[in-house]
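So my numbering is basically just the index in the sequence shown, starting at one, shifted up by 31.
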Amino acid sequence: VDSIPIGRQIAALIPGAIFVNGQDVKDPKKRQKVYDMFATHDNLVVIATVHIAGTGLSINRIFNLIFIDIGKSFIRVIQAIGRGLRMDDDKDHVSCTDICSDLKYGKKHLADRIKFYKEARYPHKKTKIKYNNDVLEDI
């Protein structure tokens, strides 16, 4: 996510999710706690700011990445994927899901990211999902 308040809101909506931002990893004890969680758990749901996902943590056991309107920055996207591509004894791939809005810039930025994926030869497929407004009633 791009902002700390949005990250906190998303983490609050997902049972068991944690939110990690730049302030967390500046403190060595908090940073080590995050590393320890990844070392001992397989299905963590971590919401992170884009900065942290791209350059802030060095964790090999990231199995899944989900981008939500991550923008069009080649460096931001490729660095975040690179974090997930780090191998470990029990890991040989990463699954990425790239979610975007159907607004003008959301669609344009997705088209830019698809070019990045093709240039990097990352296998990918595009799936359009129908938006369900009823979901918002539960929030």
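Note that beta-carbon positions come from the ideal geometry of N, C-alpha and C, so glycine has one too.
Beta-bridge partners assigned by DSSP to Asn91: none are found.
Remark: C-beta atoms of Arg152 and Val108 do not approach each other more closely than 7 angstroms.
The shortest C-alpha to C-alpha distance from Ser132 to any of Thr80, Gly53 and Ile101 is the one to Ile101. With the rule of 3 Cβ pairs closer than 8 angstroms, the segment 42-52 does not count as touching the segment 118-133. For the pair Ser126 and Asn91, the CB atoms are not nearer than the 7 angstroms cut-off. In the three-state reduction of the DSSP assignment, Ala48 falls in the coil class.
For Ala79, the uninterrupted beta strand (DSSP E) segment begins and ends at Val77 to Ala79.
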